[in-house]
Amino acid sequence: MNVNPYAFRRQTATAASISLLLAITSLNSGAKNLPVSSSEKTTPVAAQTTKRNTTTLDQLRSGGLGFTQLLLTQRKPLNPSHVYTYHAESLHPGGGLWICDLSGNKPKLKKILDSSEGEILDANLHYDGETILFSWKRTMQAPFQLFTIKLDGSGLTQITKDDSNNFNACWLPDGGIAFLSDRKPAFAYCWQTTTPILYRSARDGSNLVRLSANYLNDFTPSVLSDGRIIYSRWEYVDRPAIPIQSLWAINPDGTQLTGVFGNRSLSPATFMDAREIPGSQGKILCVLTSHNGPCRGAIGIVNPMLSSNDQESITNLTPEINIGRVDKGSGNAIRGPYLNPFPVDDQYYLVSKKGSIELRDYAMTTSIPLLRPSPDQLGFYCPQPIRKRKRERLVPSSLHPTTASEQQAWATIMMQDVYTGLGEFVKRGEIKQIAVVQEVEKPLGINPKHRAFGFQFPVVSCGATYAP
């Protein structure tokens, strides 16, 4: 069931709608999820919703939500063949970095950086509220690289310079950055694109450290309040290839890799763009989507405190999008317009919908279109409030300096209880042996037309545990 823990928590909620360079227009989606029949369209319920929306819009304009400006990226929509190929497919030049000022009756846009010859994928604002870390394909022939720039457009600096894609970066509380890179020679088992994984470095790109041992893709890292990095991870040894892209967390030094949610969830197939909701005791706002197709989908809240895989932990904030069930199907039928959710606080979040930017509340009573580009414009994505913010908890490294030979050595793994997590279907005493599966990277990109056996090349243990 989809129980919303935020419902009715606060009645001074949101919306009214403003279009780009237009005055406020009528609300077209704020009451979508309220129980209002066609005969009740002009009842006090709808009027009350509009009043709440107007109140929150006024609060936003006056700075009552802690900001009046947004950082935005502008580009054409991404329509890759899979959620893990957004760094390599359906890329087009145009757009840039923008500031949107919401303090007046009409939104005002100011361009920070033009990208008419390339594409900006994403951006992340520093704790100081002034420095932007972003992924930029400067020309369409170049890979994505990480850059920093000030809000006033000064100080443009290239951080990564390797001949590989480097993107989806976030600031770390210790002063460094974490990001995805495909600098290792590895490709998707069932496709021909590279498989970027999680790295970290100093702010200037030095002291590069590979954090992830994944042989397939990692996605969209961000930092939790406890200082760990949360990100999505794809693999399919002992599971189907379409699910499961689940949520994981890791310390900034690469230790203590831990599953957060969805490692046995069949639908949604993918949890990505995950960010912790402030003051929520660990609830995660994220995109719920498929495996094949673009990174758009539904928006949901995941509560790992309730369970690590159960349906009760998922709240669908966009119930018009069917997200399926964790125990059924392939999770590959989710189609929705939402991406890049950003939690403003414990009441509201920003989200991009078909290139428009909206402010919504977790109670699902409000939805304010803040910025709607005209049909001939590129869309806006990655909305983030321009404001200072506190650093997350600093997690000291538990690692000691190692020699080159030690870095190449095999790890020592300890298993305390082999029955943990197996449930009631495996009784104590039944397990006699443990199989150890080495995950091997695919070092070459191969044309999918040359497949010789099913959809995999090479063949791995796919679907042995959960075959939809």
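Each residue of the sequence shown is one higher than the one before, starting from 114 at the first, in our numbering.
Note that the Cβ used here is the ideal one computed from N, Cα and C, for glycine as well.
(request) Could you tell me which residues DSSP puts in a beta bridge with Tyr344? (result) Trp361
(message) According to DSSP, simplified to helix, strand and coil, what is Gln124?
(response) At Gln124, the pLDDT of 31 sits below 50, so the modelled position is not reliable; the number obtained from the coordinates is stated separately. Correct three-state label for Gln124: coil.
(message) Would Ala315 and Gly289 be called neighbours here (beta carbons separated by less than 7 Å)?
(response) yes
(message) Pop quiz: Phe180 and Pro498 are said to be a contact at Cβ under 8 Å. What is the actual Cβ separation, rounded to whole angstroms?
(response) 4 Å
(message) Please list the terminal residues of the continuous beta strand (DSSP E) segment that includes Thr478.
(response) Unbroken run through Thr478: none, as it is neither H nor E.
(request) Compare the C-alpha of Pro353 against each of Gln369, Trp361, Arg377 and name the closest. (result) Arg377
(message) By the three-class DSSP mapping on this structure, what secondary structure does His195 have?
(response) strand
(request) Have a look at Gly437 and Gly268 and give me their C-alpha separation to the nearest angstrom. (result) 46 Å
(message) Looking at the strands, I want to know which residues DSSP matches up with Tyr240.
(response) Paired residues: none, contrary to the question.
(request) State the start and end residues of the unbroken beta strand (DSSP E) segment that holds Gln497. (result) 492 to 498
(request) Sort Phe455, Ala517, Val539, Thr307 by Cα distance to Tyr328 and report the nearest one. (result) Thr307
(request) Measure the CB-CB distance between Asn453 and His404 and report whether it falls below 7 Å. (result) no
(message) Please identify the residue among Asp366, Gly242, Gln394, Tyr461 whose C-alpha is closest to the C-alpha of Ile66.
(response) Here the chain comprises residues numbered 114 to 581, so residue 66 is not present and cannot be evaluated.
(message) With the cut-off set at 7 Å, would you say Pro496 and Leu183 are in Cβ contact?
(response) yes
(message) Here's the rule: buried if 16 or more other CB atoms are within 10 angstroms of the residue's CB, otherwise exposed. What is Glu153?
(response) Low confidence applies to Glu153: its pLDDT is 35, below 50, so where it sits in the model is not reliable enough to give any reading.
(request) For Ser229, collect the residues of the same chain with a Cβ closer than 7 Å to its Cβ; drop the 5 residues on either side in sequence, then sort them by chain order. (result) Pro206, Gly207
(request) Taking 7 Å as the cut-off, decide whether the C-beta atoms of Thr244 and Leu259 are in contact. (result) no
(message) Taking contact to mean 3 or more Cβ pairs, one atom from each stretch, closer than 8 Å, check whether the stretch 230 to 237 and the stretch 359 to 369 are in contact.
(response) no
(request) Give the secondary structure of Thr168 by DSSP, where H, G and I count as helix, E and B as strand, and everything else as coil. (result) helix
(request) From the DSSP output, read off the bridge partner residues of Tyr461. (result) Asp474
(message) Relative to the C-alpha of Lys297, which candidate in Lys562, Val553, His563 has its C-alpha closest?
(response) Val553
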